[in-house]
Structure formats: structure tokens, C-alpha cells
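If you're matching them up, the sequences are chains A and B in order. If you read the first sequence in full-length UniProt numbering, its first letter stands for residue 1, the second for the next number, and so on. If you read the second sequence in full-length UniProt numbering, its first letter stands for residue 1, the second for the next number, and so on. We put the CB at the ideal spot given by N, CA and C, even for glycine. Fair warning: this is a prediction, and the values are worked out from it, not measured in the lab. Below is one structure, written out as C-alpha cells, with a few remarks after it.
There are 2 protein chains.
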Amino acid sequence: MTVPAPPTQPRRSDATRAAILRAARERFAADGYERATIRAIAADAQIDPSMVMRYYGSKEGLFAAAAEFDLRLPDLTPIPPEHLGETLVRHFLSRWDGDETLVALLRAASTNPGAAERMRDIFANQLTTAVAAFGTDPTTTARRAGLVASQVLGLAFTRYVVRLPPMVDTPPEDLVSWIAPTLQRYLTGTPGN
Amino acid sequence: MTVPAPPTQPRRSDATRAAILRAARERFAADGYERATIRAIAADAQIDPSMVMRYYGSKEGLFAAAAEFDLRLPDLTPIPPEHLGETLVRHFLSRWDGDETLVALLRAASTNPGAAERMRDIFANQLTTAVAAFGTDPTTTARRAGLVASQVLGLAFTRYVVRLPPMVDTPPEDLVSWIAPTLQRYLTGTPGN
DNA sequence: GTCTATAATTCGATAGAC
DNA sequence: GTCTATCGAATTATAGAC
């Protein structure tokens, strides 16, 4: 009798698929959806362009697979309420370094309706859920999450996409000091304040 | 002797040029730089596509003309220091309604290097100048202006580009109440705070 | 599984008649 | 000034050999 194959035998093409996704994220992050071509992505991954089509069906399918993104927000309930803002800024800054998927999503969402919808889903679901978890007035949850998203995405946009010099040059710890109180107020404060 | 022509005689093509620019701003704002085609812009303006090339030389030249933008920031020196944040948010929100040029610039800056550079210029020059005018420590001016830009552009991005529902649904006056203290602190406050 | 060849569009830009 | 016709390049996607 032959040795039975493992239940989840790694297909030989998995390495190729992973290489394609890695190259796709790089190109989508650097060039946006339209300028990132399947040919260029395939060249980066050192495979034939037709393989991309074979594995992911279309450019949209490739983007959908490459832009899968989890904010990996920590559970906010055990965090001292006065440290919520700091915790969130620090988390986002570290989450974005070393993973360019969100930059890819950010650039693509500017011009691609499907990418914009995905971005709405991510922030509507993941962020709103995290904000709701530590129990403020439920009627204000969505608005508080939206305000947090506006500052957090503005930070990402100015620092990683447009690259405004002062936002690029400011060390992460200084950004945390400045922006944490903003998120803190959006999460636990009142308008006007 | 013939009657001398007025010094600035309106050329007959000025109406056409204006129609092209209006259509170009709409398309660039709605679709971004790559998806906005000269053919579509010309169709909107009800003229021949070759006229766009004749008047503006190239697609880049057209965008440069269409994305000319002045933030029209008011002089901040006579404004009571405690009203700076509110004044700025209100100004930006009203500036963006009724002029989609900034949305066009915002969408294009995500994927087009030239548009990104123009956005850097606008916020580095116009905003930094306004911030410097009311005399904080000059060494912090650029950073304060960058932080203001991060929140202001994040507001524009979530409200007009990605269209996050809570940011679209919140009335302008509520946005002013929530965001004014943020800008106030970036302009006149200290980190940590 | 991998690659060649090419179909089918679409775009920016140009040439030239009127 | 305006328009027709078209070039040349680039793209996604498909068909099919090996």
C-alpha cells in the first residue's frame, strides 16, 4: 500500500500563486489599479502573464485576492479608556509598515469602484465593530468610527500616498503623540469639547 | 484707420476652452486621471476630441490646466486664536462644495506622480504659509501644517472619494463641531496634550 | 502546467482636408 | 478653427500547441 497523501497536500502551484500575489500587491500599491498591468506583475513574479489569468481569472479577480485585508484590530475592551487613542494610532502605524496591502487598497479605492466598496466594508465592519465593543451610546458608534477613519486614512494618505514631507519626516512616536488625543476624543469625547 | 482691438479681446474659442475645462474637471473628479479619457471629456463638452489636443497639447497639459487650484485660505491673523480650527474646517467644507477641482486633484494624486506633486505644492505653500502667518514657533510650522493636512485630506477622502456612509451622512455643522477642536490643537496645541 | 500567438479594444496623438 | 481618418502602441483576455 502506498503512503496516503496528506489531507491538505500543498499543490505545486502554491508557490507561484504566492509570488503572483506578492508582486500584485507591490504593483497595485505603487501604481494604482489602472497603471498596474498584468504583464508587469507577471514580469515581477517571473512567470508568464497568462498564468495570472489562469489562476485568478481576470485583473479584477487578481485585485480582489491581493487586496484581502484584515486591520487586525486588537480587542479594545480590556484597554484603559484613556489609552484607546494611543493604542489605535500605534497599531495602525505598525500595521502599515511591513504590509503594503492597505496602500494598494488606498490607491485603488481612489479610482476603482470595487476597491472603494471594499474599503467601505473594511472600515464599516472591522473598525465599527471594534468601536462598538467598548460600549458607547450605540447611536453614536458609526459616527465615531467614521471620524476615526477620516483621521487614520488621512494619515495614511498624506504619509504613504501623497508623501507630504512633514508627514513622512515626522517619527512615528511623534505622530502618536499628536494624533492619539484626536482619536481619543473621537472615541470617547463629545463634539465641541 | 481701423478701430484698434481691445487689449484683451476675448477670443472666439474661449467658450470652447471653458467648456473643455469644465468637462475635464468633472471627469477627472469622477474617474481619476487614467480612466478619464480625452474622448469622453470631448463628448461631454460636445466638441471634437482633436480640439482638446489642439488647445492643451496633451492629456497632461489638460490636467494641469483643469487642476489649477487655490485653497483661498483666509488671512488667519485677525481671527481670534480660539476660533482658528472652526474657521478652517468651515472654510474647507464650503470650499469643496461647488468646486470639484480638489476632488479631481485628490483622485488623480493617488495614481499620477505629477498630480501628487501638485498636491504637495498646494499644501506645502498655501497651507504652510497661512499657518506661519499667525506666528507660532517657526520650527513647528511645517509639522502643524502637515497634521492639519492629514485631517483635512482624510475628511475629503472619506467624504467625497471613498464615501464612507457616516462621513457622507453627517451634516456639515456636526463635522465642524467634531473636527474643529482637532485642527485647533494641531495649530496651537502641544503633542500629548 | 506552461507558453506562443493573437484576437478585440481602446487610447493618446498626428496628418491633413476643408 | 473644425473635423475625418488613422497611426502606433498598449491593454485584457482567449485559443490552442506542446
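Check whether residue i and residue j have beta carbons under 8 Å apart
{"i": "B/L127", "j": "B/A67", "result": "no"}
{"i": "B/W96", "j": "B/Y160", "result": "yes"}
{"i": "A/P191", "j": "B/D174", "result": "yes"}
{"i": "B/R27", "j": "A/S110", "result": "no"}
{"i": "B/Q184", "j": "B/G85", "result": "yes"}
{"i": "B/L93", "j": "B/P172", "result": "yes"}
{"i": "B/Y33", "j": "B/N112", "result": "yes"}
{"i": "B/S150", "j": "A/L155", "result": "yes"}
{"i": "B/A40", "j": "B/V103", "result": "no"}
{"i": "A/T16", "j": "A/M53", "result": "no"}
Distance between beta carbons of residue j and residue i, contact taken as under 8 Å
{"i": "A/L147", "j": "A/Y186", "result": "4 Å"}
{"i": "B/A23", "j": "B/D44", "result": "4 Å"}
{"i": "B/K59", "j": "B/I38", "result": "6 Å"}
Under 8 Å by beta carbon: chain B residues contacting residue i
{"i": "A/N193", "result": "P181"}
{"i": "A/P177", "result": "Per the sequence presented here, residue 177 of chain A reads as Ser, with Pro not at that position. The answer, in chain order, is P191 and G192."}
{"i": "A/P165", "result": "R120, A124, A142 and G146"}
Alpha carbon of residue i to alpha carbon of residue j, nearest angstrom
{"i": "A/R163", "j": "A/F134", "result": "34 Å"}
{"i": "A/M1", "j": "A/A145", "result": "Because the pLDDT of A/M1 is 49, which lies under 50, any placement of that residue in the model is unreliable, and the number read from its coordinates should be weighed accordingly. A/M1 and A/A145: Cα-Cα distance of roughly 59 Å."}
{"i": "B/A65", "j": "A/T158", "result": "23 Å"}
{"i": "A/R120", "j": "B/P166", "result": "10 Å"}
{"i": "B/H83", "j": "A/T101", "result": "39 Å"}
{"i": "B/I122", "j": "B/T141", "result": "15 Å"}
{"i": "B/P74", "j": "B/A130", "result": "8 Å"}
{"i": "A/R25", "j": "B/L21", "result": "34 Å"}
{"i": "A/A19", "j": "B/R35", "result": "28 Å"}
{"i": "A/P81", "j": "B/D14", "result": "60 Å"}
{"i": "A/D99", "j": "B/A116", "result": "22 Å"}
{"i": "A/D31", "j": "B/D70", "result": "27 Å"}
{"i": "B/V168", "j": "A/R143", "result": "10 Å"}
{"i": "B/R118", "j": "B/R72", "result": "16 Å"}
{"i": "A/T136", "j": "A/G189", "result": "10 Å"}
{"i": "A/V176", "j": "A/G114", "result": "31 Å"}
{"i": "A/T139", "j": "A/A132", "result": "10 Å"}
{"i": "B/N193", "j": "A/N193", "result": "14 Å"}
{"i": "B/T77", "j": "B/H91", "result": "15 Å"}
{"i": "A/I179", "j": "B/A42", "result": "44 Å"}
{"i": "B/Q46", "j": "B/F63", "result": "18 Å"}
Residues that residue i contacts on chain A, provided the C-beta gap is smaller than 8 Å
{"i": "B/V161", "result": "A109, S110 and A116"}
{"i": "B/R95", "result": "None at all; the shortest Cβ gap to chain A is about 17 Å."}
Cross-chain neighbours of residue i in chain A, by beta carbon under 9 Å
{"i": "B/A149", "result": "G154, T158, V162, L164, P166 and M167"}
{"i": "B/T170", "result": "R143, G146 and L147"}
Contact list for residue i against chain B, beta-carbon separation under 7 Å
{"i": "A/R90", "result": "By Cβ distance, chain B contributes nothing, its closest Cβ being about 14 Å from A/R90, past 7 Å."}
Per-residue contacts from residue i into chain B (C-beta, under 9 Å)
{"i": "A/D174", "result": "R143 and P191"}
*Name, going along the chain, the residues of the UniProt domain "HTH tetR-type" (14-74) of chain B whose beta-carbon falls closer than 7 Å to a beta-carbon of chain A.*
D31, G32, E34 and R35
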